[in-house]
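There are 2 protein chains.
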Amino acid sequence: MADYKAPLQDMRFLLNEIFDAPGQWASLPGLSESVDPETADAILEEAGKIAAGTLAPINQSGDEQGCQWKDGEVTTPDGFKEAYQTFAEGGWVGLGGDPNYGGMGMPKSLVGQVEEMMQGANMAFGLCPMLTAGACLALHAHGSEELKEKYLPKMYDGTWSGAMDLTEPHAGTDLGIIRTKAKPNDDGSYSISGTKIFITWGEHDMAENIIHLVLAKLPDAPAGPKGISLFLVPKYEVNEDDSLGARNNVSCGSLEEKMGIHGSATCVMNYDDARGWLVGEPNKGLMAMFTMMNYERLGVGIQGVGAAEASYQHALAYARERIQSRSPNGPQNPDKQADPIIVHPDVRRMLLKMKAHTEGSRAFITYVAQWLDQAKFAEDPEAKEKADGMVALLTPVAKAFLTDRALDTCVIGQQVYGGHGYIREWGQEQLVRDTRITQIYEGTNGIQAMDLMGRKVVGNGGKFFELFANDVADYINANQDDPAVADYIQPLAAVLERLSDVTESVIKAADGNPAEIGAAAVDYLDLFGLTAEAYLWVRMVQAAAPKAENDTSGFYTGKLKTARFFFDRILPQSVALAESIRNGGDSMMAFDEAEFG
Amino acid sequence: MADYKAPLQDMRFLLNEIFDAPGQWASLPGLSESVDPETADAILEEAGKIAAGTLAPINQSGDEQGCQWKDGEVTTPDGFKEAYQTFAEGGWVGLGGDPNYGGMGMPKSLVGQVEEMMQGANMAFGLCPMLTAGACLALHAHGSEELKEKYLPKMYDGTWSGAMDLTEPHAGTDLGIIRTKAKPNDDGSYSISGTKIFITWGEHDMAENIIHLVLAKLPDAPAGPKGISLFLVPKYEVNEDDSLGARNNVSCGSLEEKMGIHGSATCVMNYDDARGWLVGEPNKGLMAMFTMMNYERLGVGIQGVGAAEASYQHALAYARERIQSRSPNGPQNPDKQADPIIVHPDVRRMLLKMKAHTEGSRAFITYVAQWLDQAKFAEDPEAKEKADGMVALLTPVAKAFLTDRALDTCVIGQQVYGGHGYIREWGQEQLVRDTRITQIYEGTNGIQAMDLMGRKVVGNGGKFFELFANDVADYINANQDDPAVADYIQPLAAVLERLSDVTESVIKAADGNPAEIGAAAVDYLDLFGLTAEAYLWVRMVQAAAPKAENDTSGFYTGKLKTARFFFDRILPQSVALAESIRNGGDSMMAFDEAEFG
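Residue numbers (UniProt numbering), protein chains in the order written: chain A, 1 to 597; chain C, 1 to 597.
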């Protein structure tokens with residue numbers, strides 16, 4: 001298996017040359033003191049080292065060995081405990097956490113890059129700090145001061161990890177019908193009973209304690225999603241002096257056998273009058289979870305980018321080394337029996353599809369992360385409101401579009417290897433198996449599409465959509481005379497118009513026929529993602545063009561050529577998606593059940 | 001995991017109502033005596049029973065247990081030996097074999113349906129008879145009468161199995177550079193030495209003997225693909241009286257750890273002066289392999305259809321049972337907490353995409369199989385020549401388009417299950433892992449696309465393509481006034497024109513710039529496949545329409561509605577593919593190597 005190399009140059013290009021992240025950081029009071037370009041650079045550098053040096057080397061062995069369950073205890077694969085120790089001691093878990101509780105207060109635009117490296121090096125491992133950070137966010141936003149002071153510092157520093165306990169055997173997408181119960185005790189705590197499934201890192205041996213955030217129903221709760229509350233349930237109770245107390249009645253009943261991410265524990269968790277504490281208000285648990293969801297969903301998109309980057313790196317190395325057949329333009333390697341496969345047009349097509357999506361996706365992550373930072377730290381209410389809208393709109397796209405394209409990318413990366421791609425040893429098939437989960441968890445990609453089309457677009461009559469469309473249109477208007485982007489301004493305007501047209505037509509069609517939302521949703525999200533990446537590729541061209549003239553590294557000229565490939569060979573999909581959406585939902589809703597077979 | 005149900009109704013619909021297979025059989029002298037509609041029907045019925053009753057029940061356990069290697073011996077998963085016995089005794093291995101050597105002489109249009117059921121029920125198992133049948137074909141076409149009499153009967157009856165030994169560690173796509181050597185012995189045999197990898201069912205415990213067809217180089221062989229010969233190397237030598245003799249010096253060095261098809265053994269095979277016999281002429285081994293390739297490649301396409309069908313059956317059953325959330329049109333299941341997910345538009349979109357591709361692909365297989373039968377059995381030289389051209393043209397499409405869409409279909413079928421789709425227990429993730437190999441082996445799908453675009457289209461100036469285009473155009477001309485297909489004739493004509501246009505433009509562009517072939521190839525194959533399926537969906541509509549009026553089963557009305565979905569929501573992709581191809585290969589060939597990263 002090829003090594004993992006942190007894509008630092010591309011990350012710096014995005015932060016410094018495209019998005020002026022240092023400028024944003026300096027302008028936001030909550031950030032201006034915690035981060036500056038030098039600090040950011042040092043963090044990227046160190047994160048790259050830990051990803052490549054500590055996490056990547058145990059990725060394949062973690063997959064082979066998997067987590068093991070015995071009598072309720074979960075043993076992690078060799079090396080995971082030590083890696084977790086290193087990771088926690090480096091302060092990485094609390095990188096984006098609130099400094100008032102021991103976090104490092106870094107912006108998401110930077111934290112997102114760090115996450116990409118961790119996830120790209122070892123997704124199974126990366127899930128543990130990702131879920132801890134997510135649990136911290138929910139606790140931070142909704143927990144009482146007492147809970148925050150008690151739990152956040154040890155979660156930020158990795159001594160304790162976090163887990164999110166939502167799904168039940170009969171309730172996944174539809175959390176409104178969960179059955180886990182919470183009975184109030186006299187001392188202000190609650191007794192939680194029920195069974196949760198698919199709980200990532202719900203039990204393991206890497207941290208001293210595990211803090212579960214659990215959705216459950218109070219005795220008097222109304223039916224449906226408005227009767228769900230959120231509880232904090234620690235594996236070990238925590239004494240007044242912060243030492244660990246009694247073992248709580250929460251236990252891991254078994255691990256799931258799954259397709260991938262074998263290095264991570266996917267747990268069935270049993271609650272038998274486990275002691276918990278309410279987080280936030282009664283019956284507002286689902287709302288509290290959604291606070292965290294925007295971050296987690298972006299985090300899943302980031303997992304996709306990390307995996308795609310890893311697959312691309314391996315495929316590129318293999319395409320340069322593997323010799324097989326001759327170039328259509330005659331031998332390029334005449335002293336050997338064959339040419340390296342990178343000379344073949346179709347291998348180039350595969351590599352460029354991977355490169356275009358991976359780099360476009362990284363840009364998209366950074367774009368969304370900046371809006372998240374704006375939403376969190378902006379003081380101007382109008383700026384904050386706009387940023388909130390953008391985050392709400394873009395998050396499902398980041399989650400679903402980036403993971404759908406990540407699976408495509410990993411499948412292509414496996415294909416470059418031919419038969420060897422199907423063999424475990426080379427690591428490419430693991431990336432496919434691991435990445436596949438990103439399209440499913442934290443809300444399936446179909447659910448993301450419904451969220452986008454239903455809640456975020458139709459739900460407000462296109463108000464959020466206008467924010468995005470204006471951002472792109474403003475860019476077009478401001479830059480249409482720049483010769484650097486002359487080739488791309490018109491195609492960008494065309495795809496934006498295409499997206500705007502179908503947005504309008506679905507909003508109209510959904511009025512009186514709500515099924516049109518679900519019928520359009522997945523194709524619409526795909527079209528949205530392509531439009532956003534087209535926009536970001538033009539911005540990358542604009543930044544790369546002046547440096548391309550004297551570029552001997554190939555980085556900047558490579559950007560220009562990858563953009564050309566994106567517009568020539570990927571963006572045409574937008575035409576098909578728009579046509580498919582315009583054809584409406586009749587063909588799927590007209591079916592009687594018997595007609596399915 | 002849901003049961004496997006043989007899709008007999010759809011197979012009969014294709015054979016009897018679309019393609020008039022009985023008419024073709026009766027018209028071909030080599031077939032008219034071996035098959036009639038009653039025989040065919042009985043064969044389908046029995047094949048369905050063995051697929052559902054014998055092979056499907058050991059599919060999941062076979063994946064979990066896998067084949068085990070010890071000291072050169074390979075032990076198959078529990079139940080495989082017994083199932084193989086049943087399968088062989090039923091005469092299924094030699095179903096399409098020459099009756100002069102004990103085969104049943106059945107047409108491919110029928111055998112293809114049987115293969116789909118076997119592969120859909122258990123792909124890992126299905127590979128064994130598939131490779132045996134392939135080896136028989138090559139032997140039948142090129143072996144001496146002595147070899148044929150000695151080996152074919154026991155291979156047809158399953159006593160012995162077959163394997164194809166082509167790939168070496170450094171030589172996959174590029175077989176011209178293989179290193180395995182064959183030295184002539186005084187007795188007319190050859191001593192074969194070398195190492196082969198990725199040999200499917202190269203060693204196992206289900207059959208008494210294993211007959212390897214091995215590519216190797218004679219001492220005086222010219223370099224490259226024109227210096228390769230084909231040899232028959234049995235695991236055990238065969239005595240004059242057909243009893244087994246000495247163990248030959250061919251042995252299995254290890255099994256590959258792979259992504260899926262764990263029930264099958266993927267072997268490293270070592271040859272150490274193993275005794276073999278030349279099949280066909282010296283240095284014409286690659287040609288001899290290609291005889292078999294059209295069948296094997298169609299067989300791989302069939303594997304895709306089988307897996308897609310299985311995934312669809314499971315997904316449909318789950319979508320009907322799983323209750324989650326409410327329909328956008330209000331509760332459909334008011335006495336339960338939620339509606340079955342089949343009410344949701346996006347779940348319907350997923351199911352219909354699966355159904356449209358699976359049924360379209362089955363039609364495509366049958367269409368190609370009929371041309372194969374025509375090529376094999378037609379007596380009129382002109383009819384035979386046309387059929388040969390069609391087979392050459394359509395085979396790479398069947399292999400690559402059907403397996404690419406099969407992976408999509410299996411991924412969708414997994415997605416319908418949400419989180420449960422990622423868990424082993426339900427079987428959907430196994431279908432994804434198993435199906436993934438079909439895009440890789442027997443020539444990667446990229447290689448198929450190059451074969452189509454380079455050899456089959458550009459290579460003869462579009463002559464074969466005209467055969468296909470005329471077939472579709474003739475249909476359009478003959479049926480444009482049929483009200484049953486009025487909605488579809490124009491879109492079909494449009495997509496045919498789109499395909500014809502890009503065919504012409506690539507032929508032109510490739511003149512002087514051969515890289516344009518590889519640059520266009522994969523998109524072109526995809527566009528070709530969509531066009532072919534559009535054509536076949538119109539034919540299915542035409543046959544179903546008269547029966548739909550009084551259809552209470554949903555089968556015929558379902559066909560009409562699935563066609564509508566195909567044209568509304570899938571066929572638009574053809575526009576994007578054509579645009580992408582028209583944009584040419586400059587964007588991929590302009591890259592310097594350093595610019596890839």
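Glycine residues also receive a C-beta, built at the ideal position from the N, C-alpha and C atoms.
- Residue-level contact check: residue 344/A touches chain C, since one or more beta carbons of chain C fall below 7 Å from its beta carbon.
- Among the CB atoms of chain A, one or more fall inside 7 Å of the CB of residue 514/C.
- Excluding residues up to 5 positions away in sequence, 28, 29, 30, 31, 107 lie with their Cβ nearer than 8 Å to the Cβ of residue 377/C in the same chain.
- For the region 74-88 of chain A, the set of positions with a beta-carbon nearer than 9 Å to some beta-carbon of chain C is empty.
- Taken in chain order, the complete alpha helix (DSSP H) segments of 4 or more residues contained in the UniProt domain "Acetyl-CoA dehydrogenase-like C-terminal" (469-592) of chain C are 486-510, 515-548, 555-565, 573-582, 586-589.
- With contacts defined as CB atoms closer than 7 Å, residue 438/A and residue 403/A qualify as a contacting pair.
- Runs of the alpha helix (DSSP H) lying entirely within the region 33-119 of chain C and spanning at least 4 residues, in chain order: 37-50, 59-65, 80-89.
- Between residue 197/A and residue 163/A the beta-carbon gap is near 12 Å, outside 8 Å, which marks them as no contact.
- In this structure the region 467-475 of chain A does not touch the region 406-416 of chain A; the number of beta carbon pairs closer than 8 Å is below three.
- Between the alpha carbons of residue 145/A and residue 151/A lies a distance of about 10 Å.
- Nearest to residue 240/C by C-alpha distance, out of 149/C, 389/C, 465/C, is 149/C.
- Less than 7 Å separates the beta-carbon of residue 142/A from that of residue 280/A.
- Between residue 389/C and residue 464/C, the C-beta gap is smaller than 7 Å, which places the two residues in contact.
- At a cut-off of 7 Å between C-beta atoms, residue 321/A does not count as an interface residue with respect to chain C.
- With distances taken between CA atoms, residue 416/A lies nearest to 317/A out of 317/A, 592/A, 481/A, 330/A.
- A distance below 7 Å separates the beta carbons of residue 44/C and residue 8/C.
- When the beta-carbon positions are compared, residue 228/C and residue 286/C come within less than 7 Å of each other.
- With contacts defined by Cβ atoms closer than 7 Å, residue 268/A and residue 250/A do not form a contacting pair.
- Assignment of beta-bridge partners to residue 210/C by DSSP yields 161/C.
- Within 7 Å of the CB of residue 429/A, the CB atoms of chain C belong to 259, in sequence order along the chain.
- From the beta-carbon of residue 558/C, the residues of chain A found nearer than 9 Å are 591, 592, 594, 595, 596, 597.
- Following the DSSP letters along the chain, one finds residue 433/A in no beta strand (DSSP E) but inside the alpha helix (DSSP H) bounded by residues 428-436.
- By the Cβ test, the region 537-546 of chain C is not in contact with the region 318-329 of chain C, since fewer than three Cβ pairs between them sit closer than 8 Å.
- In the DSSP annotation of this structure, the continuous segment of the beta strand (DSSP E) that includes residue 232/C starts and ends at 229-234.
- Exclusion of the five residues before and after residue 14/C leaves 362, 363, 366 as the residues of its chain whose Cβ lies within less than 7 Å of its Cβ.
- With 16 or more neighbouring CB atoms inside 10 Å of its own CB, residue 309/A falls in the buried class.
- Taken in chain order, the members of the region 519-548 of chain A whose beta-carbon sits within less than 9 Å of a beta-carbon on chain C are 519, 520, 521, 522, 523.
- Residue contact check for residue 137/A against chain C: no CB pair falls below 7 Å.
- Distances from the CA of residue 112/A to each of 67/A, 21/A, 188/A, 452/A were compared; the closest alpha carbon is that of 21/A.
- Residue 161/A is positioned such that its CB atom lies closer than 7 Å to that of residue 210/A.
- Every candidate alpha helix (DSSP H) stretch fails here, since none sits fully inside the region 360-408 of chain A while reaching 4 residues.
- Between residue 585/A and residue 345/C, the C-beta gap is smaller than 7 Å, which places the two residues in contact.
- Under the Cβ criterion (8 Å, minimum of three pairs), the region 503-519 of chain C does not count as touching the region 561-573 of chain C.
- Considering only 523/A, 116/A, 328/A, the residue with the shortest C-alpha distance to residue 506/A is 523/A.
- Check the Cα spacing between residue 87/C and each of 52/C, 101/C, 525/C: the tightest is with 52/C.
- For the 7 Å CB-CB criterion, residue 596/A and residue 561/C do not form a contact.
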